[in-house]
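The listed protein sequences derive, respectively, from chains D and V. Take the first sequence: its position 562, counted from the start at 1, is 562 in full-length UniProt numbering, and no numbers get skipped. Take the second sequence: its position 44, counted from the start at 1, is 44 in full-length UniProt numbering, and no numbers get skipped. All C-beta atoms in this analysis are idealised placements derived from N, C-alpha and C, irrespective of residue type, glycine included. Only one structure is covered here, and it is reproduced in the block below.
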Amino acid sequence: MYTTERRPSMAERRPTIVAMSAQSVVPHLAGIEDPLPDTTPEKVDVLIVGTGMVESVLAAALSWQGSSVLHIDRNDHYGDSSATLTVDQIKKWVNSVNQGLFSGCYDNAKLYVSTSIGNHNGKYASRDFGIDLAPKVLFAKSDLLSILVRSRVHQYLEFQSLSNFHTFENDNFEKLTNTKQEIFTDQKLPLMTKRNLMKFIKFVLNWEEQPEVWKPYADTPLCDLLVEKFRLEKAQVFELMFSIGLCYNMQTKTPEALQRIRRYLSSFDVYGPFSVLYSKYGGPGELSQGFCRSAAVGGATYKLNETLTSYDPNTKMALFGDGSQVYVTEKVVASPSQAPKDSRNIPNQKYEVHRLTCVVEKSCEQWFSEGESAAVIVFPPGSLKSGNVEVVQAFILGSGSEICPGGTSVWYLSTMQQGSRAEMDLDAALEAMEASLIRESSTDLEHDDSLVQFGPNGETLINSVRLGQSFKQYVPRERIQFLLKLYYTQYTSTPPFNVVDPSFFDINNIDGNGKLIPGASDNGVLYTAMPSGEISYDEVVTAVRVLYEKIVGSDDDFFDLDFEDEDEAPMNKADYENAIEDDEDVDMNVGRHESAEFVGEMEI
Amino acid sequence: MNSSVTSIKLVLLGEAAVGKSSIVLRFVSNDFSENKEPTIGAAFLTQRVNIGEQTVKFEIWDTAGQERFASLAPMYYRNAQAALVVYDITKPQSFIKARHWVKELHEQASKGIVIALVGNKLDMIENGGERKVAKEEAEKLAEEEGLLFFETSAKSGENVNEVFLGIGEKIPIKKPGEQANEQSGLRITDDQRVDLTNSVNGPVRSAGCNC
């Protein structure tokens with residue numbers, strides 16, 4: 001009745017001669033070369049609902065594998081829960097959240113928009129901004145990056161570097177010392193600390209091979225190992241764990257934390273003196289569009305403004321909001337945020353990610369490296385006056401990223417703190433950022449004698465206590481103007497920290513032990529997970545691979561593509577191997593020889 | 001060979017089945033009937049054209065069918081320097097749709113975008129078919145909206161190359177060492193851009209990938 005037999009792979013479908021001659025061939029571009037019908041197909045292999053990051057990469061993977069894909073989204077834009085939105089779209093989205101349209105996925109959305117943003121008489125237009133719902137950074141050495149290159153989706157996008165990571169400590173932003181050179185030349189670091197730090201960096205690049213060092217600490221937080229074995233001081237421990245490793249709290253276990261630290265170090269100097277990239281014009285929202293376009297070129301059909309009403313796993317018919325229907329031969333995959341009405345099978349998204357996104361009328365250039373437009377600021381546990389237990393991470397983008405106009409910047413703050421105290425932590429971090437910006441951009445502070453604070457709506461309050469001792473006698477002449485402030489709670493089934501759990505996808509899998517719930521509109525629907533709070537793209541490809549394998553039966557031909565580009569002079573094999581040998585001496589690049597480093601990695 | 005190459009992003013628009021892809025396939029392969037594999041990177045089709053001293057490399061973005069259900073992404077229009085709005089001269093409905101796409105381009109695309117209005121399927125008239133969109137009507141629209149205008153046959157190849165040459169001539173070509181033309185709102189170069197295929201230690205074809 002229900003067949004799990006896999007379709008022939010891409011490679012198997014190629015003409016025999018080509019497959020045998022081991023020559024690469026440009027795949028068939030169904031979406032461009034074939035005549036396309038005016039109506040949606042009557043029968044597809046896979047129906048995907050929601051155009052978020054995971055669903056879009058999955059659509060591209062399946063479409064190039066040779067499956068017929070119908071990909072819909074209930075919104076009039078791409079991206080779903082990883083969309084990049086204009087200010088008007090944000091307003092609409094907040095209304096939907098507060099009407100309970102995304103119950104179980106989002107709640108508690110609060111929005112302030114300054115009158116300076118408006119399509120008619122405002123200083124800025126709504127579409128001058130591209131605000132990400134789930135902003136992400138891309139490590140230079142990661143599985144997603146190799147797929148971007150392999151699928152050629154990177155050609156639709158522009159990437160920029162981000163080299164400034166700041167750690168907030170003692171009311172101050174310390175810039176990360178992340179290169180060997182910087183460690184050696186840093187005047188503030190005692191010689192002994194430098195030596196210990198270098199010793200640790202050498203260790204972490206192939207830590208798995210030295211179990212004698214870390215095994216005794218396998219079940220304890222990393223800081224024990226750092227302090228006891230490597231004699232590192234608190235400042236270095238915090239930098240390693242929270243800025244380089246982007247861990248969320250002090251309890252992060254040794255193996256997880258080591259892997260995260262190495263992720264940063266092995267990404268360093270792949271494209272230049274930085275570890276992290278981000279995409280221009282928007283993050284996951286842009287990447288989703290790129291992968292959807294790739295899927296379309298491969299033959300997938302796209303339809304926005306379309307909702308899934310129900311799916312019947314017995315008749316295999318999926319019904320849509322406009323009354324149309326499709327016969328699905330293999331699987332229906334849906335994002336939890338676009339589940340049909342009367343669905344009963346959505347996995348519980350039990351972890352909270354609290355977010356605060358601000359648009360500020362300040363360029364914030366002082367936080368960026370020269371020639372760059374982005375920075376990450378990390379607030380380690382206990383660094384904020386709220387007494388935060390969990391880290392607050394802030395991702396800052398300036399106008400060079402083209403997501404906001406000149407003279408403004410976007411601050412994305414997030415924390416994994418659960419419950420109501422999360423908002424206090426976010427507010428405290430925001431306050432610290434404001435204070436720092438005021439201090440840095442005020443040239444002549446002595447002459448004023450009032451103190452300025454900002455309320456939740458960007459209005460100015462006078463409060464001399466909250467700015468802290470160091471500012472008592474100062475008053476900024478310049479005030480920080482908030483153009484937009486958006487608080488929301490997002491839910492995810494991915495636990496804070498790492499991995500995609502494959503069993504999660506079995507919950508509603510009727511091939512497995514899943515059961516049909518009478519009256520449910522979504523029996524047999526395979527749900528994806530909401531984006532996690534992870535600031536990097538790390539879990540995306542892992543999740544897509546698991547889903548792909550569940551649909552196709554194997555992940556052997558996952559993005560098994562070979563596009564030839566006319567401009568790309570094919571490198572011969574010997575040259576290529578020489579090139580690899582050449583960088584054998586480069587210490588920081590040790591990671592290049594290993595498999596791609598990503599935290600979502602797991603055995604399947 | 002010319003020393004400087006300018007890349008131009010060109011997007012295709014028009015109702016389904018008016019021959020958008022055929023015009024491009026004709027242009028990039030110069031062979032309409034034979035099913036020749038286009039040289040592409042599955043991202044867009046590319047073709048180089050020499051215009052005077054310059055080599056212009058067209059990066060041609062096909063809709064890949066995403067326009068059928070009003071599902072084109074903002075990414076499609078972004079930084080496009082040129083657009084072909086194609087209609088079928090035997091189908092009045094497709095001309096109405098062309099007007100819509102011109103309007104859409106004025107709203108969504110960069111301000112300096114060069115738009116060419118292209119009436120396709122000239123061959124059908126030459127073979128006794130009936131013309132349903134008057135040339136004068138299209139010329140009038142082109143004049144009102146400041147568009148280039150051509151009538152083509154993707155099937156015979158008539159006028160196809162002229163479309164692209166016409167666009168190439170109209171686009172402000174960047175001289176070597178010159179700043180990007182900010183005035184037209186088009187960004188041709190971007191120094192901050194990181195090329196993902198060029199790592200510090202040479203090209204990353206599939207290096208660093210464990211797939």
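Per-residue DSSP class, three states only, for residue i
i: residue 605 of chain D; result: A question about residue 605 of chain D goes unanswered here, because the residues of chain D that appear run from 1 up to 604.
i: residue 109 of chain D; result: strand
i: residue 262 of chain D; result: helix
i: residue 40 of chain D; result: coil
i: residue 276 of chain D; result: strand
i: residue 221 of chain D; result: strand
i: residue 319 of chain D; result: strand
i: residue 354 of chain D; result: strand
i: residue 171 of chain V; result: coil
i: residue 185 of chain V; result: Residue placement at residue 185 of chain V is flagged as unreliable, the pLDDT there being 37, under the threshold of 50; the coordinate-derived value follows with that caveat. It is coil, neither helix nor strand.
i: residue 90 of chain D; result: helix
i: residue 436 of chain D; result: helix
i: residue 158 of chain V; result: coil
i: residue 117 of chain D; result: strand
i: residue 269 of chain D; result: coil
i: residue 244 of chain D; result: helix
i: residue 172 of chain D; result: strand
i: residue 337 of chain D; result: helix
i: residue 294 of chain D; result: helix
i: residue 235 of chain D; result: helix
i: residue 526 of chain D; result: strand
i: residue 154 of chain D; result: helix
i: residue 479 of chain D; result: coil
i: residue 7 of chain V; result: strand
i: residue 164 of chain V; result: helix
i: residue 421 of chain D; result: helix
i: residue 132 of chain D; result: strand
Residues near residue i by beta carbon distance below 7 Å, same chain, minus five either side
i: residue 174 of chain D; result: 166 and 167
i: residue 116 of chain D; result: 122, 123, 124 and 483
i: residue 192 of chain V; result: none
i: residue 98 of chain D; result: 109
i: residue 7 of chain V; result: 57 and 59
i: residue 51 of chain D; result: 71, 73, 78, 79, 80, 288 and 292
Bounding residues of the beta strand (DSSP E) (the contiguous stretch that carries residue i)
i: residue 409 of chain D; result: 409-415
i: residue 61 of chain V; result: 54-61
i: residue 302 of chain D; result: 301-303
i: residue 485 of chain D; result: 482-492
i: residue 160 of chain D; result: 159-162
i: residue 375 of chain D; result: 374-379
i: residue 312 of chain D; result: 308-312
i: residue 72 of chain D; result: 69-72
Whole-Å CB distance - residue i paired with residue j, under 8 Å assumed
i: residue 162 of chain D; j: residue 278 of chain D; result: 6 Å
Identity of the residues DSSP links to residue i by a beta bridge
i: residue 13 of chain V; result: V:85
i: residue 116 of chain V; result: V:84 and V:148
i: residue 48 of chain V; result: V:57
i: residue 331 of chain D; result: D:46
i: residue 325 of chain D; result: D:319
Limits of the alpha helix (DSSP H) - the one that residue i falls within
i: residue 103 of chain V; result: 92-108
i: residue 517 of chain D; result: Unbroken run through residue 517 of chain D: none, as it is neither H nor E.
i: residue 25 of chain V; result: 20-29
i: residue 541 of chain D; result: 539-552
i: residue 202 of chain D; result: 191-205
i: residue 76 of chain V; result: 74-77
Spatial neighbours of residue i in its chain, beta-carbon cut-off 6 Å, leaving aside the 5 residues before and after
i: residue 74 of chain D; result: 307 and 338
i: residue 109 of chain V; result: 77 and 80
i: residue 200 of chain D; result: 230
i: residue 416 of chain D; result: 248, 390, 496 and 533
i: residue 68 of chain D; result: 44 and 45
i: residue 132 of chain V; result: 90 and 92
i: residue 59 of chain D; result: 48, 69, 71, 295 and 300
i: residue 555 of chain D; result: 545, 548 and 549
Chain-order list of residues whose beta-carbon lies under 8 Å from that of residue i (same chain, five-residue window excluded)
i: residue 350 of chain D; result: 491 and 493
i: residue 61 of chain D; result: 544, 548, 558 and 559
i: residue 393 of chain D; result: 246, 376, 377, 378, 379, 413, 414, 415 and 535
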